Every structure is written in C-alpha cells, then in structure tokens.
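Numbering (the UniProt record's numbering), first residue to last: 1 to 359.
Here a beta-carbon is modelled for each residue, glycine too, at the ideal position from N, C-alpha and C.
Note that the structure is predicted; figures quoted are calculated from it, not measured.
Just below is one structure, and these are the notes that go with it.
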C-alpha cells in the first residue's frame, strides 16, 4: 500500500474516533490527502477533523479554501437530499403507499455527524406498489419516469435522482442474486413489516437483520465491479457498530456462508477493526484476515476504468466495445467474484453474457 493511502486511513481513523489521543498529525502532501479523500468520498469527514484540530494543523491556504468550500457544499446537498426524501415520502403517503428507504439517508443516521456522509440517489421500495407509485408520480407531479433499466425505473424529484426498486438485486447479471433476493423478500414478510421508523414521516428503514444481508451484498457488488470506496466500508462499520445487538447473527452468518460471501465479510470486518478503529464486538463471527484485507484495500485505492451499468443508449461498435470491456473486467476480477457470488465462474460468465445481450 502506498504511503499516501496509509496516511488517509490514519486520518480517517482519527476523524471517527470518539476520543482524541492527542497525537500530532504529520502529513507529507496534503494535496494527495485531499484528492484521495475526495475520490473515496470521505473528504468532508477528514475536513471535520482538521476543523477540530484548529491551528494545530496547517494546510496551504488555497487548498484549505477549496476543501472548506467542498465541505460546505456537501452539507447543503445533504439538506436538500433530506428535504427531497421528506417530500417524496409525504407524496406517497397521500397515495396510501408505504415507502421503504434503502441505503443513503438511513445509513447517514449511523454516522456521528450524518451530514458528513456523501449522498447520491434516493433508493426506495414500495412493497409491491412500484407500478402504481410510478403512475402516480407521472400523473400528479407530472414527472416523467424512465423505465428503460429492467432492475428499477428512475426519475428526478426535487433535484434528486430516485430509483424505485422492484427487486433488490439484479438476478439477470448474477444467478445467485436470485436466491439472495428471495431471502430478503422472505425477511420482509416474516418481519411483518417490522421496520424502523426514520425521523421522516412515512419513511421507513429496513430491519437490522435485513440490512446485515443487504448492505454487505450491495457493497460486495460494488467491490466486484470496481466501484467500491472507503465510504462503503464506513457505511458497514457504522451500521454494525450501531445495530450489532439487534441482528439475528445465527441466521445472518448462515446466509453469509451459504451464499459464499463470508470471506468478504471477514475482510471488511478486519479493515474496520484494524485500520479504522471499530470495536471487534460489533462484528460477530468474523475471522480476522489480514492478507485478504490488505488485498481488498489495495483494490479500493487502485485507479480503475468505470463502465455504464447497462447498454441502454449504446449501439453499434460502442456496444461491442462495452461488451469486451465488461468481459475483460470480469476476467480480471474473478478473485473478487469468488468472494461475493456463490457461483461457478464459467456458469457466471455464461449467465452474464447471455443476459448482457438482452440489455
């Protein structure tokens, strides 16, 4: 691991620590820290540490101003994001639709300062009312809904991108996602809507047991497709820290093992405990895996090519190049697929290739 990445991890550990140990901060290049923190979606968290340290940390003035501006902008975006969720939940309430919020805002509530977590799309689940919900959005607020992506329609609401999920994982890309999906749907049914009421009216959050499965698999998918960042690791760390006493660990660990994702859980737990300072009591049943954790961290910091989620809007030679790029990525990432998907590699490749032709 490069020294600049070690420095970022060290700063992040200090930033989320409950107590300041008084150790001085010595950084060789603050410009590198800023760039890496921004890339890993943790820049506002690091800047909060610098503000708390005050005059004990000296940065180049131009960099300090830019970093401050980015941090203030993120906080304002967070406020707008929460307002958009509140208005959307209220709209669905008028249609007698219960709204389940996935990831995003719900995860930010686990952070010491929620507004420091980067936010993106608003991911929702409407308990079988997806089509009705989309029709109502198109009819009353008169907002167009894009239905081209098979996994979920999407639309823009109050400046935020909304993804209305009919399913939690894409079983057309990975066959094993089908069994994972069934487990999550069964949990929702068995919970009897035993959901967590967020501070926003009609905005519910999944149960801790549901999220212990969903969030790890979601992070695993980002890991397998070169899209994981330290923010995903922090999301898991803060989630397990807050809810570990409310999770049905016997069930969750059995699913981790049966679905072949236990080694990924072990690596994330090891990073959270060793590198970020979380208490190991939050990670029931984990096995420390230092070598694998190092490999995962190296992958998180590595510069990688980003590819679109689907071929929607792509045609001709560009579609062929996209297919080749996806196939090469799959081959290079096969060690990661083994940590996330309970699939034979050849079967996985054929399943992915056949369904990629459709989309």
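Could you give the DSSP three-state label for residue 165: helix, strand or coil?
strand
For residue 84, collect the residues of the same chain with a Cβ closer than 7 Å to its Cβ; drop the 5 residues on either side in sequence, then sort them by chain order.
122, 157, 158, 159, 160
Which of helix, strand or coil does DSSP assign to residue 41?
coil
What does the alpha-carbon distance come out to for the pair residue 132 and residue 101?
If you take the alpha carbons of residue 132 and residue 101, they lie about 17 Å apart.
Could you check if residue 74 is buried or exposed, using at least 16 other CB atoms within 10 Å of its CB as the buried criterion?
With 16 or more Cβ atoms within 10 Å of its Cβ, residue 74 is classed as buried.
Within this structure, are the beta carbons of residue 277 and residue 16 separated by less than 8 Å?
In contact: residue 277 and residue 16 (Cβ atoms closer than 8 Å).
Between the CA atoms of residue 31 and residue 61 - distance to the nearest angstrom
C-alpha separation (whole angstroms): 11 Å.
Using only the alpha-carbon positions, how far apart do residue 180 and residue 214 sit?
Between residue 180 and residue 214, the alpha-carbon positions lie close to 9 Å from each other.
Taking the alpha helix (DSSP H) that residue 73 belongs to, which residues open and close that run?
61-94
Using the C-alpha atoms, what's the distance from residue 67 back to residue 13?
19 Å
Going by DSSP in three states, residue 317 sits in which element: helix, strand or coil?
helix
Residue from 8, 89, 76 whose Cα sits closest to the Cα of residue 198
89
Inter-residue spacing [alpha-carbon to alpha-carbon] between residue 212 and residue 298
Computed Cα separation, rounded: 24 Å.
Which value, in whole angstroms, describes the spacing of the CA atoms of residue 51 and residue 5?
When rounded, the distance between both Cα atoms is 21 Å.
Within 8 Å, strictly: CB atoms of residue 46 and residue 9
no
Buried or exposed: where does residue 40 fall if 16 or more other Cβ atoms within 10 Å of its Cβ makes it buried?
buried
Which residues bound the alpha helix (DSSP H) around residue 266?
262-270
So residue 228 and residue 300 are supposed to be a Cβ contact under 8 Å. How far apart are they, rounded?
6 Å
Check whether the Cβ atoms of residue 336 and residue 219 lie closer than 8 Å to each other.
no
Are residue 146 and residue 135 closer than 8 Å when you measure CB to CB?
no
What is the DSSP secondary structure of residue 160, counted as helix, strand or coil?
strand
What distance in whole Å lies between the Cβ atoms of residue 25 and residue 57, which are believed to be in contact at a cut-off of 8 Å?
With a Cβ gap of about 5 Å, residue 57 and residue 25 count as contacting.
Please state the DSSP three-state secondary structure of residue 276.
Note: residue 276 maps to coil in three-state DSSP.
Check residue 341 in the structure and name its three-state DSSP category.
coil
Here's the rule: buried if 16 or more other CB atoms are within 10 angstroms of the residue's CB, otherwise exposed. What is residue 126?
buried
Of the residues 48, 171, 292, 254, which one's Cα is nearest the Cα of residue 343?
171
Where does residue 266 land, buried or exposed, given buried means 16+ other C-beta within 10 angstroms?
buried
Note down the Cα distance separating residue 334 from residue 245, rounded to an integer number of angstroms.
C-alpha separation (whole angstroms): 34 Å.
Compute the Euclidean distance between the alpha carbons of residue 287 and residue 59, then round it to the nearest angstrom.
Cα to Cα, the separation comes out at about 39 Å.
Drop a sphere of 10 angstroms on the beta-carbon of residue 173, count the other beta-carbons inside from all chains shown, and report buried for 16 or more, exposed for fewer.
buried
Start-to-end residues for the alpha helix (DSSP H) that takes in residue 136
130-139 is the extent of the alpha helix (DSSP H) around residue 136.
Alpha-carbon spacing of residue 234 relative to residue 140, whole angstroms:
38 Å
In whole angstroms, what separates the C-alpha of residue 118 from that of residue 78?
Taking the straight line from one Cα to the other gives about 8 Å.
Cβ neighbour criterion (16 or more within 10 Å) applied to residue 186:
Residue 186 comes out exposed.
State the DSSP-derived secondary structure class of residue 236, mapped to helix, strand or coil.
helix
Per-residue DSSP class, three states only, for residue 49:
helix
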